[in-house]
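Protein chains in written order, with the working numbering: chain F, 3 to 425; chain E, 3 to 425.
Glycine included, every Cβ here is placed at the ideal spot set by N, Cα and C.
Set out below in C-alpha cells:
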C-alpha cells in the first residue's frame, strides 16, 4: 500500500511493526560492509591461474620481448590489441597503464591542467569546470575537487546524461573543459547510454575547443545477461569531426584481481601523441610481467568474455536477490524507486526526498554499512538527500537478503516518520 | 704518454695505429646497446622465486589483509617498515607506490605545481626553477623540461653538488623550489654525498619556504664493496629545523625485476599528510600481490642486503673490467678522467672539451651504442661536450672489454684530431 495514502493510524501501525522488525535484526549483531563495489571471494577464485601462468623461463612476449627487464613503455602489443577490441579503438592509440584506471584519469586531467590538451594549459585559462552527470561515481568527483575543478551537476536519465542540459551548457561556457561519463552500466544506476546520447555527445558544439569527454568504460565487459550494445564514442566523435574529444578508460581490476590488474587509455592519434610524450617522461614503463599474466589468461576477446560469463553467473543471483527484496518490501509503497541493471557493480535507489542519510545511518547502527548518502553527487552533497548506491557484489546471497531487508525496513521507518512530520 | 705533449709526427702515428685498430673492430660487426642502466640476465636469474612465492591460497599480509582485493592505499605495513629501514624514515611516513619511482617523482612535482607544498601552487607563483647537479640523470631533467621548470646547472664534485654554489643560489632566489639529488652512487659518477654536503643541504637558508629536495636514493642498497655510509637527509633536515625539506624515493626495479618492482616515497609527517590526501584521490591502491612477492623474498633488511651481495658479485667484475681498460688504454694519456664507483649502475667519463659527441658517434658507427653525449646535462646539452655515461651492467665481461676498447680507441682518435686541429 502506498504510504502517502495511509491514514495516520495506519502509518503509526506500520511504523510500530517495522520498528519491531528493525529491533529484532539489530539484536542479531550483523556486521557487513557494503560501501564499495568489491569482488567476492568466489569471483577472486576464478583467476587462480594468474598466480602461476608466467615463469622465469617463459616471461617473453609474442615478439620475444623480455618482460623481466626494461622497455616497451606503452605496453605489450598483444595486450594493446586486446584492449583495442574491447574499447573500440585502434591498437596504436591504446596505452597500457598501471594497476589503476583512476590513476590514469587523474593523470590525464592533472596533465591537462598543467600542459593543456592541444590548447593552453587549463590552469592558465581560468577556473576550469566539468560536467558531472549525477548520481555518479564519487571518485571521479573527488578528482575534480582535489584539482580545484568546479563541478556542474547534470541530471542522469535512463538513456544517459540529460542531453538538452549538456548541449546548452557546453555551447555557452568555454571554461567547461571536461565531462565524466560511465557509459555502460553507469555507476550507480547501471544505465547504458543510448545511441542517440552517444551521437549527441560526439557531435554537440562546444564553446571550448579543448573540451574532452572522460569516458570511463569501467564495466565494458561486465554484463550480467549477455553483452549489451553501446555505440563507440571514438567512432562517433571521429564521424562528427571531433576525433580528439573522447579519452576512453578501462581496467581489469574487476576481471582478475582488484588492485592487481592493468588499466588502459585510448584516444585519437593526436591526443595519443601528447599522452605518449607525457607518459614517457612520467615513467620508464609498465609492469610487463603482469601484462603477460593477462595475455596468458585471455588470449582473445572471446576468452575474456567467456571469463566474464563466470563472473556474471556469480553476480546475477545477487543482483536479483536485491531486486526481489525491493519488490517484496517496497513494491507499491511509493517510498522508493530502484534500477534493475543488466551489468556493472551497482544498483541505485531513490528514496523520498530527505530520507537517504537517515536510512543509511539506521542501517549502520544495526551493523550494515552502505555507501554514504550524498556520495553519488559532486562535493558529496545530494541536494535532495534521496540517492543511495547499493553494492551487492561482495556479500553472499543470504547476507545480502538480510542486509537489504534491513535496508527496506529502515527506509520504511524513516519515510513513515517523514510523512507523519510533514502531514 | 700524454697526447698533448706529443709532436705532430707522434700524434699522426698514434692516429694511424688507433685508426687501424678501430677499422679492425668495426669490421667485426659488433652489436651492443649500452645506452641505459639495465640489469643483466644473470642478475634477473637471482629472483626466480618472485614468480612463485605468492599463491591464491596464501595471498594474505601479516595482519590478514587479503591482497587479492581492494584496500590498504599506502601499501602493506610490513613493506613500509622494510623501506623505512632502508630509507631512514618512519614507517608511518613511507608510502609504497607502483612499479616506477620516476612516476612517483613526476607525480610529486606535478602535484606541487598544481597544488603546492604547503604554500601556493607552484605554477601560480611564477616561473619555477630547479637546481640540477650535473652531470646527472637525464630522466630527472626531462621531468623538469616537460613540466616547464627552468633548470639551473650546479657543478658536481666528488662530495656531491658544489655547496657554495647551491647555498648562494637558494638563498637569493625564491623561485628555486626544488633540487634533484642522487646522493648515493650518483648517476652517472657513482659519488656519495659527504656528511658535510648532507648537513649543508639540510641546514642551508632558502629564500623559498616551500623549497624541496628530491632525494632519489635509487642505489641505496646497490653497493659493490659492502655498504657505504650516507647521512640521513630526513634526520639532518629534522635536526636543522627543516623537516619538510626532503622527499625521498627508492625502488626495487634493480633489486628484483626492472619494471616489475615497487617504488616508495618517504618524507616528514606534514608532507605525508598532503601526499596521502593526493594519493588517495589519484588511485584506489597499489598492487598488493606484488608487494607480497617482495615480502616473501625479503623478510628483513638483512635478507635484502644479502640478496644485493649477489648482485654485487655479478657487477663487480664488470665495473672493474671497464676501469682496467681505461687504465690500460687511457692511463697517462691525459685524454680522459673517469670515476671508480663503489656502487650504483654507472661510470662517468670526462673527455677533453669537445670530444664526447664524436666519440659516441664513432662507437655507434662501429656497432656499440653508448648514452648520447649531453644526456647527463639539463636540456641534453653538455656545455663542454665532454661527459659520457658508461652503463656496464648489461653486457658480459667479454663484450664489455671489447666495447670499452672500442670506446677508448675512438676517444683517442677524436682527441688526437682535435689536438692537431687546435695546434
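| said: Give me the residue from E:97, E:178, E:136, E:338 with the minimum Cα distance to residue 128 of chain E. | reply: Position 126 of the second chain, counted from the start, is the residue given in the question as residue 128 of chain E. Distance from the Cα of residue 128 of chain E is smallest, within the candidate group E:97, E:178, E:136, E:338, for E:178.
| field | Cβ-based contacts, 8 Å cut-off: residues of the region 269-302 of chain F near chain E | value | Here the close residues are 279, 280, 283, 284, 285, 286, 287, 288, 289, 290, 291, 292.
| message | Give the list of continuous beta strand (DSSP E) stretches no shorter than 3 residues that lie fully inside the region 160-214 of chain F. | response | List check, beta strand (DSSP E) in window: 178-183.
| request: Check each candidate in F:259, F:280, F:253, F:246 and name the one with the smallest Cα separation from residue 269 of chain F. | output: On the first chain, residue 269 of chain F is found 267 positions in, with the first residue counted as 1. For residue 269 of chain F, the nearest C-alpha among the options comes from F:246.
| query | Using a beta-carbon distance below 8 Å, is residue 58 of chain F in contact with chain E? | reply | Looking up residue 58 of chain F in the first chain gives position 56. Yes, contact with chain E.
| query | Could you give the distance in angstroms between the alpha-carbon of residue 395 of chain F and the alpha-carbon of residue 321 of chain F? | reply | Position 393 of the first chain, counted from the start, is the residue given in the question as residue 395 of chain F. Position 319 of the first chain, counted from the start, is the residue given in the question as residue 321 of chain F. Roughly 8 Å separates the two Cα atoms.
| message | Is residue 102 of chain E close to chain F? Criterion is C-beta to C-beta, closer than 8 Å. | response | What you label residue 102 of chain E is simply residue 100 of the second chain in a count that begins at 1. True, the Cβ-Cβ gap to chain F drops below 8 Å.
| The alpha helix (DSSP H) with residue 332 of chain E in it runs from where to where? | Taking the first residue of the second chain as 1, we reach residue 332 of chain E at position 330. Counting along the chain, the alpha helix (DSSP H) containing residue 332 of chain E begins and ends at 303-332.
| query | For residue 76 of chain E, which three-state DSSP category applies? | reply | Within the second chain, numbered from 1, the residue matching residue 76 of chain E stands at position 74. In the three-state reduction of the DSSP assignment, residue 76 of chain E falls in the coil class, being assigned neither a helical nor a strand state.
| field | Best match in F:57, F:173, F:248, F:265 for proximity to residue 81 of chain F [C-alpha to C-alpha] | value | Here residue 81 of chain F refers to the residue found at position 79 of the first chain. Closest by alpha carbon: F:265.
| message | Quick check on this structure: which residue in E:342, E:236, E:223, E:88 has the alpha carbon closest to the alpha carbon of residue 205 of chain E? | response | On the second chain, residue 205 of chain E is found 203 positions in, with the first residue counted as 1. Of the candidates E:342, E:236, E:223, E:88, the one whose C-alpha sits nearest the C-alpha of residue 205 of chain E is E:236.
| query | Can you tell me where the beta strand (DSSP E) with residue 53 of chain E in it begins and where it stops? | reply | For the purposes of this step, residue 53 of chain E is taken as the residue at position 51 of the second chain. Per DSSP, residue 53 of chain E lies in no beta strand (DSSP E) and is assigned neither H nor E.
| For the alpha helix (DSSP H) that residue 353 of chain E lies in, which residues bound it at each end? | Looking up residue 353 of chain E in the second chain gives position 351. No alpha helix (DSSP H) contains residue 353 of chain E, which is instead part of the beta strand (DSSP E) from 349-353.
| field | Sequence-distant residues of the same chain with beta carbon closer than 6 Å to residue 376 of chain F, five excluded per side | value | In the first chain, counting from the first residue as 1, residue 376 of chain F sits at position 374. So the qualifying residues of the chain are 382, 383, 384.
| Whose Cβ in chain E lies nearer than 9 Å to the Cβ of residue 145 of chain F? | Position 143 of the first chain, counting from 1, holds the residue named residue 145 of chain F. Residue 145 of chain F reaches chain E at 283, 284, counting residues in chain order whose Cβ is nearer than 9 Å.
| message | For a test of the three-state rule: what should DSSP assign to residue 226 of chain E, helix, strand or coil? | response | As a position in the second chain, residue 226 of chain E is number 224, starting the count at 1. Here residue 226 of chain E sits in coil by DSSP.
| Within chain F, the residues that residue 115 of chain E reaches when beta carbons sit closer than 7 Å | Counting from one through the second chain, the residue named residue 115 of chain E turns up at place 113. Ordered by position in chain F, the residues that pass the 7 Å Cβ test against residue 115 of chain E are 116.
| request: Assign residue 342 of chain F to one of three DSSP states: helix, strand, or coil. | output: On the first chain, residue 342 of chain F is found 340 positions in, with the first residue counted as 1. In the three-state reduction of the DSSP assignment, residue 342 of chain F falls in the coil class.
| query | Hey, out of E:339, E:283, E:327, whose CA is closest to residue 108 of chain F's CA? | reply | As a position in the first chain, residue 108 of chain F is number 106, starting the count at 1. Measuring from the Cα of residue 108 of chain F, the nearest candidate turns out to be E:283.
| query | Name the residues in the region 66-100 of chain F whose C-beta lies less than 7 Å from a C-beta of chain E; which are they? | reply | Residues of the region 66-100 of chain F whose Cβ lies closer than 7 Å to any Cβ of chain E, in chain order: 70, 71, 72, 100.
| query | Any contact of the region 297-311 of chain F with the region 250-259 of chain F, i.e. 3+ C-beta pairs under 8 Å? | reply | These segments touch.
| query | Between residue 289 of chain F and residue 290 of chain E, what straight-line distance do the alpha-carbon atoms span, to the nearest angstrom? | reply | Residue mapping note: residue 289 of chain F aligns to position 287 of the first chain, counting from 1. Residue mapping note: residue 290 of chain E aligns to position 288 of the second chain, counting from 1. Here the alpha carbon of residue 289 of chain F sits roughly 14 Å from the alpha carbon of residue 290 of chain E.
| query | Name the chain E residues that come within less than 7 Å of residue 259 of chain F, Cβ to Cβ? | reply | Position 257 of the first chain holds residue 259 of chain F. Chain E residues near residue 259 of chain F: 70, 291.
| task | Alpha carbon to alpha carbon, how far is residue 125 of chain E from residue 62 of chain E? Give it in angstroms, no decimals. | result | For the purposes of this step, residue 62 of chain E is taken as residue 60 along the second chain, with counting starting at 1. For the purposes of this step, residue 125 of chain E is taken as residue 123 along the second chain, with counting starting at 1. For the pair residue 62 of chain E and residue 125 of chain E, the Cα-to-Cα distance works out to about 42 Å.
| Own chain, CB closer than 8 Å to residue 172 of chain F, minus 5 neighbours either side, in chain order | Here residue 172 of chain F refers to the residue found at position 170 when the first chain is read from its first residue. Excluding positions up to five away in sequence, the list reads 133, 178, 181, 206, 207, 208, 209, 210, 213.
| Cβ separation of residue 58 of chain E and residue 50 of chain F, assumed to be a contact under 8 Å, to the nearest whole Å | By one-based count along the second chain, residue 58 of chain E stands at place 56. By one-based count along the first chain, residue 50 of chain F stands at place 48. Right, the Cβ-Cβ distance comes to about 4 Å (below 8 Å), so this counts as a contact.
| said: Assuming residue 192 of chain E and residue 343 of chain E are in contact, meaning their beta carbons sit under 8 Å apart, how far apart are those beta carbons, in whole angstroms? | reply: Stepping through the second chain from its first residue, residue 192 of chain E is reached at position 190. Stepping through the second chain from its first residue, residue 343 of chain E is reached at position 341. Between residue 192 of chain E and residue 343 of chain E the beta-carbon gap is near 2 Å, inside 8 Å, which marks them as a contact.
| said: Counting only C-beta atoms, is residue 317 of chain E closer than 8 Å to chain F at any point? | reply: Residue numbering aside, residue 317 of chain E sits at position 315 when the second chain is read from its first letter. Taking CB atoms only, residue 317 of chain E has no neighbour in chain F less than 8 Å away.
| query | Whose C-alpha, out of F:55, F:45, F:280, is nearest the C-alpha of residue 110 of chain F? | reply | Here residue 110 of chain F refers to the residue found at position 108 of the first chain. Each of F:55, F:45, F:280 was checked against the Cα of residue 110 of chain F, and the nearest Cα belongs to F:280.
| said: What does the Cβ neighbour count give for residue 292 of chain F, buried or exposed, with the cut at 16 atoms within 10 Å? | reply: The sequence position of residue 292 of chain F within the first chain is 290, counting from 1. By the neighbour-count definition (other C-beta atoms within 10 Å, threshold 16), residue 292 of chain F is a buried residue.
| request: Report the residue from F:365, F:336, F:199 whose alpha carbon sits nearest the alpha carbon of residue 354 of chain F. | output: Here residue 354 of chain F corresponds to residue number 352 of the first chain, with the count starting at 1. It is F:336 whose Cα lies nearest to the Cα of residue 354 of chain F.
| request: Tell me, please, whether the CB atom of residue 41 of chain E is closer than 8 Å to any CB atom in chain F? | output: Here residue 41 of chain E is taken as the residue at index 39 of the second chain, counted from 1. Cβ-Cβ to chain F under 8 Å: yes for residue 41 of chain E.
| query | What residues of chain E sit near residue 46 of chain F, judged by a beta carbon separation below 7 Å? | reply | As a position in the first chain, residue 46 of chain F is number 44, starting the count at 1. Chain E residues near residue 46 of chain F: 70, 71.
| request: Mind checking the region 145-172 of chain F against chain E and listing, in chain order, the residues whose C-beta falls within less than 7 Å of any C-beta there? | output: Answer set for the region 145-172 of chain F: 145, 148, 149.
| message | Would residue 224 of chain F and residue 195 of chain F be called neighbours here (beta carbons separated by less than 8 Å)? | response | As a first step, residue 224 of chain F must be located in the first chain, where it is residue number 222. As a first step, residue 195 of chain F must be located in the first chain, where it is residue number 193. Between residue 224 of chain F and residue 195 of chain F, the C-beta spacing is not below 8 Å.
| request: Please go through the region 217-299 of chain F and give each complete alpha helix (DSSP H) segment of 4 or more residues, from N-terminal end onward. | output: For the region 217-299 of chain F, whole alpha helix (DSSP H) runs of length 4 or above, ordered along the chain, are 235-241, 271-284, 290-299.
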